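Which chain is which? The protein sequence lines are Y and V, in order.
Read left to right, the first sequence gives residues 779 to 1166 (the numbering used here).
Read left to right, the second sequence gives residues 3 to 205 (the numbering used here).
Note that beta-carbon positions come from the ideal geometry of N, C-alpha and C, so glycine has one too.
Note that this is a predicted model, so its numbers are computed, not measured.
Input: a single structure, listed below in structure tokens.
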Amino acid sequence: MKREGTKNLRFTNVFLENWKNFAKIDVDLQRRVFLVGPNASGKSNLWDVFRFLHDIVAVGGGFQNAVQDKRGGVSSLRCLAARRYSDIIVKVSIGNDDNPAFWGYELHFNQDNLRRPIIKAEKVMKDGTLILSRPDSDDRNDPKRLTQTYLEQVYANQPFREVADFFLSVHYLHIVPQLVREPERSVGKTKDPFGGDFLEQVARTTDRTRTSRLRRIQDALRFAVPQLSALELHRDPVRNTWHLRGKYEHWRPRGAWQTEEQFSDGTLRLMGLLWASLEGTGPLLLEEPELSLHPEVIRFIPQMFARIQRRVGRQILISTHSPDLLQDEGIGLDEVLLLQPGSEGTSVYPASHFQQIRELLTGGLTLAEAVMPATRPQNVRQLAFFGD
Amino acid sequence: MPDFSPVVISGAVEGLLDEAVVERLIEYVGGSLGPVYGRKGKGHLLQRLDGYNQAARFAPWIVLVDLNTDCSCAPPYQQLLLPLPAPHMCFRIAVRTVEAWLLADRERLARFLGIARDIVPSNPEAVRDPKLTVVALAKRSRRRQIVQDVVPRAGSGRTVGSAYTSCLIDFVRDPNTGWRPDVAANLSDSLNRCIRHLRRLLA
Chain Y
779 MKREGTKNLR FTNVFLENWK NFAKIDVDLQ RRVFLVGPNA SGKSNLWDVF RFLHDIVAVG
839 GGFQNAVQDK RGGVSSLRCL AARRYSDIIV KVSIGNDDNP AFWGYELHFN QDNLRRPIIK
899 AEKVMKDGTL ILSRPDSDDR NDPKRLTQTY LEQVYANQPF REVADFFLSV HYLHIVPQLV
959 REPERSVGKT KDPFGGDFLE QVARTTDRTR TSRLRRIQDA LRFAVPQLSA LELHRDPVRN
1019 TWHLRGKYEH WRPRGAWQTE EQFSDGTLRL MGLLWASLEG TGPLLLEEPE LSLHPEVIRF
1079 IPQMFARIQR RVGRQILIST HSPDLLQDEG IGLDEVLLLQ PGSEGTSVYP ASHFQQIREL
1139 LTGGLTLAEA VMPATRPQNV RQLAFFGD
Chain V
3 MPDFSPVVIS GAVEGLLDEA VVERLIEYVG GSLGPVYGRK GKGHLLQRLD GYNQAARFAP
63 WIVLVDLNTD CSCAPPYQQL LLPLPAPHMC FRIAVRTVEA WLLADRERLA RFLGIARDIV
123 PSNPEAVRDP KLTVVALAKR SRRRQIVQDV VPRAGSGRTV GSAYTSCLID FVRDPNTGWR
183 PDVAANLSDS LNRCIRHLRR LLA
């Protein structure tokens, strides 16, 4: 069956009320997003919205599971700045460059007297038309229905299956190099967001896919690590285990092979992130890809993802603390989201929203120089007094 | 036994593209690029110029700065920034930015960008903002990927596209179809002087 005429879907807007740190935000999202903010400003909490939508549609998931089991219930989700008992509202637009709001999904929820999560409203918009609006008359006759979304129910979500499939395709990743190096630490895990089954995943793909992906990773890495002349998966015949190895050109005329045990933590992590960005087409959430990388390599990360993205086209949402990463002059101002904590919750705006940042760039500052001071924690000077 | 290992030249540059150009130039004259400093813009580099110059008293160095529109003419500017260059210092100014040196190999750049050779300016040093010119040329490219990489999206608020730097680095580094310093030097006097100076450094 031919899919409906929507290609390269991405989240184009997110609107939240009373979600964790965010009392109220409404922000557009580009195909590549860099989320910048001080510690504890809610970077992970913002990405968690997309994981939440994924958890609702995931196999063995569902609305109750996503709120109660995975996130400790409505009261731990609700923003501290929220007025008592307000509904939590999650609203996303999904589309592409031609039609940014092709789909809209909206969920309002709260808890009942027994602290059970309960749906207050669920809406789906398709191309500007409302195709689902709950609570409907059935819900009013049988309030129990409001403990489940239509989204998670295969027989109810058929008119907007594409939305459910899209949420299911959201992937979260926070690779830990030690786990990749010693896969036995996470035996049996599949789709481990921390990278424990990374090598197995690589080995499981067909030869053709693997070769083409490794070639593309090498292509993305080439201009940052020019000495790397080849990348391949190699089977250790004695121990019957798989190893990723890279060939480096140097003074030996034929270069030398290194396995993942010899790769630096940073290189290994980077390969994992690049591999993941080639696997699947849904939005990819990455936490601090700069960790354990050399600052000189971090500067290449935005270009690497731009190169990976140009063929895959998937949305990449990155949270970062790194000024080195933001030095890249190809990062659009609308691709950078700034988190600013305040007494009424954290606000989120694209860098293009601030006239000052635009002026500083015109005056020759790099994006990092213009943006980082704005993300500095407001009480960082008080921290300095602690030791006195 | 005579020593055939190439002379190692340290460098200081404004950015990643400049680094690739310097690397290519040093390789072209038969040297080898050592550690590279700076890469954080022009201001950062100029502040540390005295330090680089000090180091160049004993070992070969190249420092490359864009002229931009800071001065109408390179030689007096060079004199102003570094009146007393050290013996092993190759301090060069690109007129007006390093992109002009890339424009100067019209044939290869046109082929790389997928445009007609005739629309590449024949006097690159007279181009006021070579970076914008490269972007404007890429806009007319027949290849979608070039447009995607080099031209900024509407609404990005930037002057270049998301993979501009790495795309041009690819052009500079490709030995077979990429940038040719010798050809480009015919159209760019500042590049020509830079190559001659590097040769003197190796002699």
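Item	Value
First and last residue of the uninterrupted beta strand (DSSP E) at THR1037 (chain Y)	1034-1037
Local conformation of ILE121 (chain V) per DSSP, three classes	helix
Within 8 Å of chain Y by C-beta, residues of the region 147-176 of chain V in sequence order	GLN147, GLN150, ASP151, PRO154, ARG155, GLY157, SER158, GLY159, ARG160, THR161, VAL162, GLY163, SER164, ALA165, TYR166, THR167, SER168, ILE171, ASP172, ARG175
Sequence-distant residues of its chain with Cβ nearer than 8 Å to TRP1020 (chain Y) (five each side left out)	LEU977, GLU978, VAL980, ALA981, LEU1011, HIS1012, ARG1013, ASP1014
Local Cβ density within 10 Å of ALA205 (chain V), reported as buried at 16 or more and exposed below that	exposed
Residue range of the alpha helix (DSSP H) that includes CYS75 (chain V)	Per DSSP, CYS75 (chain V) belongs to no alpha helix (DSSP H) and is neither H nor E.
Extent of the continuous alpha helix (DSSP H) run through ILE148 (chain V)	146-152
Residue span of the alpha helix (DSSP H) that contains ILE28 (chain V), given as start and end	18-30
Whether VAL1114 (chain Y) touches PRO1128 (chain Y) by CB criterion (8 Å)	yes
Test: LEU18 (chain V) CB closer than 8 Å to a CB of chain Y	yes
Residues of the region 1130-1144 of chain Y whose Cβ lies closer than 7 Å to any Cβ of chain V, in chain order	SER1130, ARG1136, THR1144
Neighbour flag for SER964 (chain Y) against chain V, beta carbons, 8 Å	Reliability of the predicted coordinates at SER964 (chain Y) is poor, the pLDDT of 49 falling under 50, and no value is obtained from them.
Residues near GLU1057 (chain Y) in its chain [Cβ-Cβ closer than 6 Å; skip 5 each side]	none
Residues sharing a beta bridge with PRO895 (chain Y), DSSP	Y:GLN889
Chain-ordered neighbours of GLY180 (chain V) on chain Y, where CB pairs are closer than 8 Å	Chain Y residues near GLY180 (chain V): none, gap ~12 Å exceeds 8 Å.
Rounded C-alpha distance that separates ARG110 (chain V) from ARG145 (chain V)	15 Å
Unbroken stretches of the beta strand (DSSP E), 3 residues or longer, contained in the region 1056-1107 of chain Y	1062-1065, 1094-1098
Cβ-based burial, GLN56 (chain V) [other Cβ within 10 Å; buried from 16]	exposed
Residues of the region 1076-1091 of chain Y with Cβ closer than 9 Å to any Cβ of chain V, in chain order	ARG1077, PHE1078, PRO1080, GLN1081, MET1082, PHE1083, ALA1084, ARG1085, GLN1087, ARG1088, ARG1089
Cβ-based neighbour list, PHE1078 (chain Y), same chain, cut-off 6 Å, excluding 5 preceding and 5 following	ALA1002
Under 9 Å from the C-beta of GLY13 (chain V): neighbouring residues of chain Y	Those within 9 Å of GLY13 (chain V) in chain Y number zero; the least Cβ separation is about 14 Å.
Start-to-end residues for the beta strand (DSSP E) that takes in GLN1118 (chain Y)	1114-1118
ARG986 (chain Y), buried or exposed, once every other Cβ within 10 Å from all chains shown has been counted against 16	exposed
Top-ranked residue by Cα proximity to LEU69 (chain V), from V:LEU200, V:ILE121, V:VAL137, V:VAL129	V:VAL129
Beta-bridge partners of MET91 (chain V), as assigned by DSSP	V:TRP63
Identity of the residue in Y:ASP916, Y:SER871, Y:ILE834, Y:ILE896 nearest MET903 (chain Y) by Cα	Y:SER871
Reduced DSSP category for THR907 (chain Y) - H, G, I as helix; E, B as strand; rest coil	strand
Buried/exposed call for ALA118 (chain V), threshold 16 Cβ in 10 Å	exposed
Residues in the region 1095-1115 of chain Y having any Cβ partner in chain V nearer than 9 Å	GLN1105, ASP1106, GLU1107, GLY1108, ILE1109, GLY1110, LEU1111, ASP1112, GLU1113
LEU885 (chain Y) versus ILE121 (chain V) - alpha carbon distance	54 Å
Chain Y within 8 Å of GLY36 (chain V), Cβ atoms only	no
Straight-line gap, ARG182 (chain V) to ARG809 (chain Y) (C-alpha atoms, nearest Å)	35 Å
DSSP bridge partner residues for SER12 (chain V) (one or two, in chain order)	V:TRP63
Chain Y within 8 Å of GLY43 (chain V), Cβ atoms only	yes
Neighbour flag for PHE1001 (chain Y) against chain V, beta carbons, 8 Å	yes
THR135 (chain V) to PHE887 (chain Y) span [Cα, whole Å]	53 Å
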